[in-house]
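Under my numbering, think of the first position of the sequence shown as -11, with each following residue one higher.
Where is the CB? At the ideal position from N, CA and C, for every residue including glycine.
Encoded as structure tokens, the structure appears first; notes follow it.
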Amino acid sequence: MTGAHPPGRPPRVSLATRIFLGHAVVLVTFGLLILFSVSELHRNQQEIRLVSQGYLPLAQDAAALDSFQRNQAQEAAQISAEADPQTRAALARLAPLTYPPLLHARLSSLEATLSSLRATAPASERSFLDAVQARVEHVARDLEMVERTTASTWSDNPPPEAQRALASAQDSLSRELRALRAALDTRTRAVVEEAERRDRRRGVLLIGLSVAAIAVGLLATALSARSLRPVRALIAGVGRIRRGDYTGQLNIPGDDEISQLGREFDAMTRALEEREQALARQQQALLRAERLAAVGRVSAQVAHEVRNPLSSIGLNVELLQDALDQARFATTAEAEEVKALLQAVIREVDRLTETTERYLRMARSPAPALVAEDVNRIVDGVLDFAAGELGRSGIRVERRLDPGLPRALVDEGQLRQVLLNLVRNAREAMEGGGTLRLSTSAEDGAVHVRVEDTGHGIPEEARPHLFDPLFTTKRHGTGLGLALSRQILEAHGGALGCERTGPSGTVFHLRVPVAPRPALGEQPAAHA
-11 MTGAHPPGRP
-1 PRVSLATRIF
9 LGHAVVLVTF
19 GLLILFSVSE
29 LHRNQQEIRL
39 VSQGYLPLAQ
49 DAAALDSFQR
59 NQAQEAAQIS
69 AEADPQTRAA
79 LARLAPLTYP
89 PLLHARLSSL
99 EATLSSLRAT
109 APASERSFLD
119 AVQARVEHVA
129 RDLEMVERTT
139 ASTWSDNPPP
149 EAQRALASAQ
159 DSLSRELRAL
169 RAALDTRTRA
179 VVEEAERRDR
189 RRGVLLIGLS
199 VAAIAVGLLA
209 TALSARSLRP
219 VRALIAGVGR
229 IRRGDYTGQL
239 NIPGDDEISQ
249 LGREFDAMTR
259 ALEEREQALA
269 RQQQALLRAE
279 RLAAVGRVSA
289 QVAHEVRNPL
299 SSIGLNVELL
309 QDALDQARFA
319 TTAEAEEVKA
329 LLQAVIREVD
339 RLTETTERYL
349 RMARSPAPAL
359 VAEDVNRIVD
369 GVLDFAAGEL
379 GRSGIRVERR
389 LDPGLPRALV
399 DEGQLRQVLL
409 NLVRNAREAM
419 EGGGTLRLST
429 SAEDGAVHVR
439 VEDTGHGIPE
449 EARPHLFDPL
459 FTTKRHGTGL
469 GLALSRQILE
479 AHGGALGCER
489 TGPSGTVFHL
499 RVPVAPRPAL
509 GEQPAAHA
């Protein structure tokens, strides 16, 4: 059935599905591109927020702590170096009101920022923030140590151990603050540089993905256009059908709906062409039948009008011949001349009688009585009957009869009439002698008989009219033999055709249907 998938082969994706999938791929590609862009933008925002709201404030707090610590150390050194005890005591009372609050405020700000940053920072920053947290804790301990040891160095005679402890605490606090600032600066630069590198890669990747998405879109559009291209061929094919041209075939490859439609269109075109040809053949057959019927009616009328006078003429000639047999002539030559004239009249009367019989046979051609017959036997019978006239004409007969030929459904008398007419036409075409070859075969549910001669052949201009009634190429022909033969074979459900074998010679090819085989136990019709 047309449009079915071959056995064992999975069905192809339909055209609508392919077009949908193509557009879906385009949408998915652009969707992925948008998602990637949004994801990278979000990541970029996180990095900017990490630097601007995290590392930069931490670095600023660390720098402020370092600056305040240095200023506090200078102030403590100045207080310790003051010679006046009262002034030193006054400065010692004012010192806790200046830098310590600032240091604690910055330390609290740094700890708050660090705590917030650790809660929101990505996992990749956790280890670094843990290290920063450890340093901040060291800074807090060192700051507390500096505050405890600072006051002990402001007495009149501070012990050396207090001064060394203060110097050690201040040095440790300075180292921790410098290390914290260096770590924050390094990490900030690393994050910024990584963001810049990622931004460059992101730009290249976005450009590549954009080009890929555009390419996928163009490819999907091209595939859709290619799948729909046969529609133009279908439109052109419909135009040809409208103009009555059934010769073109679309031959659209593939298994989609349009390809199946193209195959169905080709099948419809072939069916229409075959129907047109069948109608043309039927019209030709109807035209031939009407012409034969008209010729038959006229021929019957003419034959009826001519037959009775011919019978009278024939009878009178016979009576005259009998009278001449008893008459006396002056010389023998005179008697022979008169008898020769009478014989010529008799021959012409016989020829006209035979002609009128042909007209009457054509006009009264009965329906064939179809019986299963052996065509080889009928061919042999016709050749045996015509053997004398063929021999006198110097014609050699070749029989190529298929011994396994099946029986054919024919009217033996009518088939003999057709074969005898073809044999006599071949004899008349080989005036100087030649070869007459009859062969039989079976093919495509029919029995075929070929009648081939080596005569002068049939002119090309005469072939289209060869089976027309009253058309003849012979001097004394009636033009009824071939027309009547074709009519008989078409009534059998067969056909009669003519082929040219070369520069000379003609082949008439007749076909009759094979008889159905008898049912089991049924005997074939016996031939009397």
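Check: Contact belief for L134 with Y43 at Cβ below 8 Å, rounded distance in angstroms; Outcome: Per the sequence shown, residue 134 should be read as Val rather than Leu. Contact flag wrong, Cβ pair sits at about 26 Å.
Check: S112 to L38 span [Cα, whole Å]; Outcome: 12 Å
Check: Local conformation of G537 per DSSP, three classes; Outcome: Residue 537 cannot be examined here, being either before or after the span of the chain that is shown, -11 to 516.
Check: A171 versus F116, Q158, R474 and V219, residue with shortest Cα-Cα distance; Outcome: F116
Check: Three-state class that DSSP yields for F496 in the structure shown; Outcome: strand
Check: Environment of P218 [buried if 16+ CB atoms lie within 10 Å]; Outcome: buried
Check: Alpha carbon of A375 to alpha carbon of E440, nearest angstrom; Outcome: 16 Å
Check: Segment contact, 8 Å Cβ cut-off, at least three pairs: the segment 367 to 383 with the segment 405 to 424; Outcome: yes
Check: Status (buried if at least 16 other CB within 10 Å, exposed otherwise) for T(-10); Outcome: Here T(-10) scores only 46 on pLDDT, less than 50, and its place in the model is too uncertain to base an answer on.
Check: Three-way DSSP call (helix, strand, coil) for R404 in this model; Outcome: helix
Check: Beta carbon of D526 nearer than 9 Å to that of T101; Outcome: Any question about residue 526 goes unanswered here, given that the chain covers just -11 to 516.
Check: Supposed close pair I195, S215 - CB separation, criterion 8 Å; Outcome: I195 to S215, Cβ: 31 Å. No contact.
Check: Buried or exposed (CB count within 10 angstroms, at least 16 for buried), L303; Outcome: exposed
Check: Local conformation of D456 per DSSP, three classes; Outcome: coil
Check: Anticipated Cβ contact below 8 Å, V398 with L358, distance rounded; Outcome: 6 Å
Check: Nonlocal neighbours in the same chain, by C-beta distance under 8 Å from L91, ignoring five residues either side; Outcome: L53, F56, Q57, Q60 and L131
Check: Cβ-based neighbour list, Q158, same chain, cut-off 6 Å, excluding 5 preceding and 5 following; Outcome: A61 and V134
Check: Other residues of its chain near E164: CB distance less than 8 Å, five sequence neighbours each side excluded; Outcome: R123, H126, V127 and D130
Check: Beta-ladder partner(s) of E440, from DSSP; Outcome: R425 and V495
Check: Buried or exposed by the 16-neighbour rule on C-beta atoms within 10 Å, applied to N239; Outcome: exposed
Check: Boundaries (first-last residue) of the beta strand (DSSP E) holding V363; Outcome: That residue, V363, is in no beta strand (DSSP E); its alpha helix (DSSP H) goes V363 to F373.
Check: Environment of A516 [buried if 16+ CB atoms lie within 10 Å]; Outcome: Interpretation of A516 is limited by its pLDDT of 39, a score under 50 that renders its predicted location unreliable; the figure taken from the coordinates is listed afterwards. By the 10 Å Cβ count, A516 comes out exposed.
Check: Counted within 10 angstroms of its Cβ, other Cβ atoms place P356 as buried (16 or more) or exposed; Outcome: buried
Check: Host alpha helix (DSSP H) of L472 (start-end); Outcome: G469 to A479
Check: Close-in-space but distant-in-sequence residues of the same chain around D368 (CB under 8 Å, 5 per side omitted); Outcome: R387 and L389
Check: In DSSP terms, what P110 is bridged to; Outcome: The partner list for P110 (beta bridge, DSSP) is empty, contrary to what the question assumes.
Check: CB-CB length for H436 against R499, believed under 8 Å; Outcome: 5 Å
Check: Bridge partners - V326, DSSP secondary structure assignment; Outcome: Its beta-bridge partners do not exist; DSSP assigns none.
Check: Sequence-distant residues of its chain with Cβ nearer than 8 Å to V204 (five each side left out); Outcome: V13, V14 and T17
Check: Inter-residue CB distance, A47 and T176 (contact presumed, cutoff 8 Å); Outcome: 7 Å
Check: Through-space distance from V192 to R106, alpha-carbon basis; Outcome: 32 Å
Check: Cβ distance (whole Å) where L502 is taken to contact A450 below 8 Å; Outcome: Strictly speaking, residue 502 in this sequence is Val, with Leu absent from that position. Wrong, their Cβ atoms sit about 32 Å apart, outside the cutoff.
Check: Cut-off 7 Å between Cβ atoms - residues of its own chain near V337, not counting five sequence neighbours on either side; Outcome: L298, I301, G302 and V305
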